[in-house]
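Chemist:
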Amino acid sequence: MVIKIQLNKRQELIVEIVKENGPITGEHIADRLNLTRATLRPDLAILTMAGFLDARPRVGYFYTGKSSTQLLTDSLNNIYVKDYQSIPVVINESISVYDAIVTMFLEDVGTMFVVDKHALLVGVLSRKDLLRASIGKQELATVPVNIIMTRMPNITMCTKEDLMIDVAKKLIEKQIDALPVVKEVESGLEVVGRITKTNIAKAFVALADESY
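Residue numbers (UniProt numbering): 1 to 212.
1) Roughly how many whole angstroms lie between the Cα atoms of residue 150 and residue 178?
2) Which same chain residues end up closer than 7 Å to residue 37 when comparing Cβ atoms and leaving out the 5 residues on each side of it in sequence?
3) Three-state secondary structure (DSSP) at residue 197?
4) Run through DSSP, which three-state label would residue 127 get?
5) Should residue 130 go down as buried or exposed, given a rule of 16 or more other Cβ atoms within 10 Å for buried?
6) Excluding five sequence neighbours on each side, which residues of the same chain lie with their C-beta closer than 8 Å to the C-beta of residue 166?
7) Under DSSP, the alpha helix (DSSP H) around residue 111 begins and ends at which residues?
8) Of all the options 170, 10, 138, which has the alpha carbon lying nearest to the alpha carbon of residue 180?
9) In the structure shown, what three-state DSSP assignment does residue 141 receive?
10) Determine the contact status of residue 104 and residue 123, defining contact as a CB-CB distance below 8 Å.
11) If residue 82 sits next to residue 197, beta carbons under 8 Å apart, how far is it from one beta carbon to the other, in whole angstroms?
12) Give me whichever residues DSSP pairs with residue 163 in a beta bridge.
13) Taking contact to mean at least 3 C-beta pairs separated by less than 8 Å, is the segment 187-204 in contact with the segment 105-121?
14) With DSSP collapsed to three states, give me the class of residue 97.
15) Hey, could you find the ends of the alpha helix (DSSP H) residue 119 is sitting in?
16) Nearest-angstrom Cα distance between residue 23 and residue 80?
17) So if DSSP puts residue 150 in a beta bridge, which residue, or which two residues, is it bridged to?
18) For residue 33, which of helix, strand or coil comes out of DSSP?
19) So the candidates are 61, 19, 57, 84; which of them puts its Cα closest to the Cα of residue 203?
20) Hey, how far is the Cα of residue 12 from the Cα of residue 35?
21) So residue 53 is in the alpha helix (DSSP H); what residue range does that whole segment cover?
22) So for residue 211, helix, strand or coil by DSSP?
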């Protein structure tokens, strides 16, 4: 659904006219505003596409009963993880902290997902985890990442069918940068994607672009 949250004064007046008198034809709306139908047509098109008004052939325009907030909520409830998830960076639980640091640098990510020999999710490794480990005195080339990673069941995750707004709430609540997108298989969870703050931003920017 396409929405336009900021309406100009004439569009707000059109909504009020239709709300009080609908269904009402475009000609009658134009007469009330002392405008030509051609002048009014772009505003009616915007309001209809935005979801404030609906139109029926040979009947006219009528008010949908939805506020700007409700329309925004409707839009947010139609943005899913599967539409914006990106490729996950996955490492094996047996690799060293040193190798993990190199991989994170080369992949330019802030979070990596750790899997076992069966490619099932067993942990999450963040930039903070690696930084904390590097401050210590241990030999990074000999310490496996499964020593410092966040383990199941303390991993916040999502599925491709989850709403992006719900994932955004999880990221804020947990104060983390990324979530693994998982798929349940017979023996555990398979990592099929990732959602980051950047993915969230892209989704909401796309929503804003559609509004105009």
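Backbone N, C-alpha and C fix where the C-beta goes; we use that ideal spot for every residue, glycine too. This structure is a prediction, so every number in the text was calculated from the model and none was measured.
Modeler: Well, looking at it:
1) Between the alpha carbons of residue 150 and residue 178 lies a gap of roughly 13 Å.
2) Here the set comprises 26, 27, 30.
3) Three-state DSSP puts residue 197 in a helix.
4) In this structure, residue 127 counts as helix in the three-state DSSP scheme.
5) Residue 130 is buried by the Cβ-count criterion.
6) Once the five neighbours on either side are set aside, the close Cβ partners of residue 166 are 158.
7) Boundaries around residue 111 are those of the beta strand (DSSP E), 111-115, since no alpha helix (DSSP H) includes it.
8) Ranked by Cα distance from residue 180, the first of 170, 10, 138 is 170.
9) It is coil, neither helix nor strand.
10) Pairing residue 104 with residue 123 gives a Cβ-Cβ distance that is not under 8 Å.
11) Their Cβ separation, rounded to whole angstroms, is 18 Å, which puts residue 82 and residue 197 out of contact at 8 Å.
12) Looking at the DSSP assignment, residue 163 forms a beta bridge with 80.
13) Yes, since at least three Cβ pairs between the segment 187-204 and the segment 105-121 fall closer than 8 Å, the two stretches touch.
14) Looking at residue 97 - three-state DSSP - the assignment turns out to be helix.
15) According to the DSSP assignment, residue 119 belongs to no alpha helix (DSSP H), since it is labelled neither H nor E.
16) Rounded to the nearest angstrom, the two C-alpha atoms are 34 Å apart.
17) In DSSP, residue 150 forms a bridge with 124.
18) It is helical.
19) That would be 84, whose Cα lies nearest to the Cα of residue 203.
20) Taking the straight line from one Cα to the other gives about 15 Å.
21) Taken as a continuous stretch (DSSP letters only), residue 53 belongs to no alpha helix (DSSP H), being part of the beta strand (DSSP E) at 53-56.
22) Summary for residue 211: the model assigns pLDDT 47, below 50, so the residue's position carries little reliability; its value from the coordinates is reported in the next sentence. In the structure shown, residue 211 sits in coil (DSSP, three-state: anything other than H, G, I, E or B).
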